[in-house]
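Asker: Number 212 in the numbering used here belongs to position 230 of the sequence shown; there are no gaps in the numbering. C-beta: ideal position from N, C-alpha, C; glycine also. My structure is below; once you've seen it, I'll send some questions.
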Amino acid sequence: MTNLELRHENLFSFSYLINVILVFFIFFSSCKRENSNEENIQSIPIDLTFERFDLKFYNQTPDVIPELKKKYPFLFPKQFSDSVWIKRQNDSLQLLLQDAVIKVYKDIKSLRYGKIMIMTVQDHDGFHIKGLLINMFHYLWPELLNFDFISYMTTPIVKVTLKKTVKPFYTLTDYETWKKKTSNSNKYTIKYYKGLGTSTAVEAKQYFRELKVNDYSVTDKTDDAVNLAFNKKLADNRKDWLKKYDREIILDYNIKKTNIDDFVNKELIHFSNSDTSRSIGSSIDGLKTSQRKILFSCFKRKLYSEIRVAQLSGYVSEHAAYHHGEASLQGAIIGMAQDFVGSNNINLLKPNGQFGTRIMGGNDSASPRYIHTEINPITDLIYRKEDFPLLKYLDDDGLPVEPEYYVPIIPMVLVNGMVGIGTGWSTNIPQYNPVEIIKNIKRKSTSGTYKEMKPFYKGFKGNIIKVTDKNYLTKGVYELNDTNLVITELPIGEWTDKYIRFLEDNVLSEKSDMIVDFDNYSTEKDINIKITLSDDFIYEDKLFTVKDGYTQFEKKLKLVSSISLNN
């Protein structure tokens, strides 16, 4: 028991809570979800209640524990006795941390340190990390910002070298301005510093010898600026903010104090613009920037015999100047090759190996080191090589890279859909049947009219039902015989593993009397789930009243999902 206690020492600590908050900020702000159709499905609305568990647990008497264990069973592992939780309730360190979180600081004398210095690379993602940390302090301890408590260290993002002359640049804008004004810039060796680990030990020592540190300061515009950047309710304001984006406006690092509102409007905005352009693809070729770089590299390499996904990602980084992490690039490659129900209607790459299944929505793919891919022959028929000389190609420090966009012979943005969440802006386009798209193109060229299409997902055996002009429902397939329910198809966006967890939670839950038992006979391709329902549940007549295209029975069993055409 002692070892178990040590392993869970910080289970309810407030440092743990702070870390969770920060992780969620980073995840929901930067995750791209480039190839998931799950975001294309809007869940049927439910009511959510947010509660502060810590306030109900700490400084309480032991008699509240049984009630808390019933209400929050997932927070109380069964292998621990109540004595463990009683000890946690009165842990002096936990209580100290709790006080630190809720404390309002009138000065910094009581703190064990006088300043926090943020050290990030000077690229867009580094700006984002700074913003997330500022937002956390602005939310939890706003008064600390008044004491110039947060500072940041500036390091070069680019260095150019000619013989023994080395010139550092602290913003990409400054570097690009220099490049335009310098006639012999092509003679310089250019090195991007995409992470602090890029710097050598000698360079790191130089940074600290020639320390460039600036403090963040507060003005009467700080609250509005932080809210503009991070308040969930101000998405429309962020759209207006980004419409005024000017890439030439940057921070002056020679000024020792940086107003937080200046940081938001002159530094964080560069990340937000980049985030939007990376996350939302082109309506012309149906590709995001990373996908276009992948396709460009495949065409350049003439990838008609398989190579490992890990090898291809390295090739893309080199030949298409992909400056971000290869892990996300490998995820994009895998996504372009997936062909299970709910992934792609036309996969542009071939999935030679375990590229994931509908069991986990593709997240069960094997390591990029072990799976292979190549161009799918149909890709050449869609993205015609005859058009390539006519395309406008981008330039990355003298290296010709991918075009601004390809021109496929059919609108691939409709074939495979598009899901993207940027800053302020987002898109959510469902998939359609390529055969129907081609018929519509022919129909338009002859009669000048289109025929309405409904969303289509290759291999889906369920029904897609129109509810309004802008909304459709997808329904799974099931057969109900008394209390025996057999499900042979799940709605789009409901993966098998996720659904089985839902069933397990219902069987184990003391509050639920809906599901008695279930057996899962599903494979990686087909759904076959047999459920035994309770008598009390199945004989509620109101469960089978159809409203808005579905019944309460289908809603409760998660056998229906909705698709919106509004975005």
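Does DSSP put M318 in a helix, a strand or coil?
Answerer: helix
Asker: Does the structure place the stretch 479 to 499 close enough to the stretch 412 to 426 that three or more beta carbon pairs sit under 8 Å?
Answerer: Fewer than three Cβ pairs drawn from the stretch 412 to 426 and the stretch 479 to 499 lie within less than 8 Å of each other, which leaves the two stretches out of contact.
Asker: Can you tell me whether F212 is buried or exposed, with buried defined as 16 or more other CB within 10 angstroms of its CB?
Answerer: Counting Cβ neighbours within 10 Å, F212 comes out buried, since at least 16 surround it.
Asker: From the DSSP output, which residues share a beta bridge with L462?
Answerer: L467
Asker: Starting from E384 and walking both ways along the beta strand (DSSP E), at which residues does that stretch end?
Answerer: Per DSSP, E384 belongs to the beta strand (DSSP E) from 381 to 385.
Asker: Look at P390 and Y352 and say whether their C-beta atoms are less than 7 Å apart.
Answerer: The answer is no: Cβ separation not under 7 Å.
Asker: Below 8 Å, can you find three or more Cβ-Cβ pairs linking the stretch 391 to 403 to the stretch 264 to 274?
Answerer: yes
Asker: Going by the DSSP bridge assignment, what does M400 pair with across the sheet?
Answerer: Residue pairing of M400 in beta bridges, as defined by DSSP: I411.
Asker: Please go through the stretch 167 to 246 and give each complete beta strand (DSSP E) segment of 3 or more residues, from N-terminal end onward.
Answerer: 171 to 174, 195 to 199, 239 to 241
Asker: Please classify K284: is it buried, with 16 or more other beta-carbons within 10 angstroms of its beta-carbon, or exposed?
Answerer: K284 sits exposed, since fewer than 16 C-beta atoms from the chains shown fall within 10 Å of its C-beta.
Asker: What's the call for V542, buried or exposed, on a 16-neighbour Cβ count within 10 Å?
Answerer: buried
Asker: Does DSSP classify I447 as helix, strand or coil?
Answerer: Note: I447 maps to strand in three-state DSSP.
Asker: Going by C-alpha to C-alpha distance, which of T428, K187, F245 sits closest to I116?
Answerer: F245
Asker: Just curious, the alpha helix (DSSP H) that D107 is in, first and last residue?
Answerer: D107 -> alpha helix (DSSP H) spans 106 to 122.
Asker: How would you write the range of the alpha helix (DSSP H) that S427 sits in, first residue to last?
Answerer: 416 to 429
Asker: Taking the alpha helix (DSSP H) that N365 belongs to, which residues open and close that run?
Answerer: Here residue 365 is Tyr; the residue named in the question, Asn, does not match the sequence. Element bounds for Y365: n/a, residue is neither H nor E.
Asker: I'd like to check one pair, L122 with V200: are the Cβ atoms closer than 7 Å?
Answerer: no
Asker: Does DSSP put S295 in a helix, a strand or coil?
Answerer: Per DSSP, reduced to three states, the secondary structure at S295 is helical.
Asker: For chain D, is any of its Cβ atoms less than 7 Å away from the one on I392?
Answerer: No chain D appears in this structure, which consists of one protein chain only.
Asker: Could you pull the DSSP bridge partners for D499 from this structure?
Answerer: T514
Asker: Cα separation between K529 and F500?
Answerer: 27 Å
Asker: So for K163, helix, strand or coil by DSSP?
Answerer: helix
Asker: Is it a yes or a no for the stretch 83 to 93 touching the stretch 161 to 177, going by three-plus beta-carbon pairs under 8 Å?
Answerer: no
Asker: Does the contact criterion of 3 or more C-beta pairs under 8 Å hold for the stretch 321 to 337 versus the stretch 248 to 264?
Answerer: no
Asker: Does the beta-carbon of H305 have 16 or more other beta-carbons within 10 angstroms, so that it is buried, or is it exposed?
Answerer: exposed
Asker: Give me, in chain order, the residues of the same chain whose beta-carbon lies closer than 8 Å to that of S181; leave out the 5 immediate sequence neighbours on both sides.
Answerer: T137, Y175, Y189
Asker: K538 lies in the alpha helix (DSSP H); which residues open and close that run?
Answerer: Counted as a single uninterrupted DSSP element, the alpha helix (DSSP H) harbouring K538 occupies residues 534 to 538.
Asker: Give the DSSP-derived three-state secondary structure of N329 in the structure shown.
Answerer: coil
Asker: In terms of residues, what are the limits of the alpha helix (DSSP H) holding F484?
Answerer: Taken as a continuous stretch (DSSP letters only), the alpha helix (DSSP H) holding F484 covers 478 to 490.
Asker: Does G380 pass the burial test, meaning 16 or more other C-beta atoms within 10 Å, or should it be called exposed?
Answerer: exposed
Asker: Excluding the 5 residues preceding and the 5 following M99 in the sequence, name in chain order all residues of the same chain whose CB lies nearer than 7 Å to its CB.
Answerer: So the qualifying residues of the chain are S133, Y134, M135, V195.
Asker: With a cut-off of 8 Å on the beta carbons, I'd call G317 and E308 a contact; round off their distance for me.
Answerer: So it is not a contact: roughly 15 Å between Cβ atoms.
Asker: So is V184 buried or exposed if we call it buried at 16+ other beta carbons inside 10 Å?
Answerer: The Cβ neighbour count for V184, taken over all protein chains shown within 10 Å, is under 16; the residue is labelled exposed.
Asker: If you run the structure through DSSP and keep just helix, strand and coil, what is S25?
Answerer: Since pLDDT at S25 reaches only 48, below the 50 mark, its modelled position is unreliable, and no value is offered.
Asker: What residue range is occupied by the uninterrupted alpha helix (DSSP H) comprising L277?
Answerer: In the DSSP annotation of this structure, the continuous segment of the alpha helix (DSSP H) that includes L277 starts and ends at 271 to 283.
Asker: Taking the beta strand (DSSP E) that T456 falls in, what are its first and last residues?
Answerer: 453 to 457
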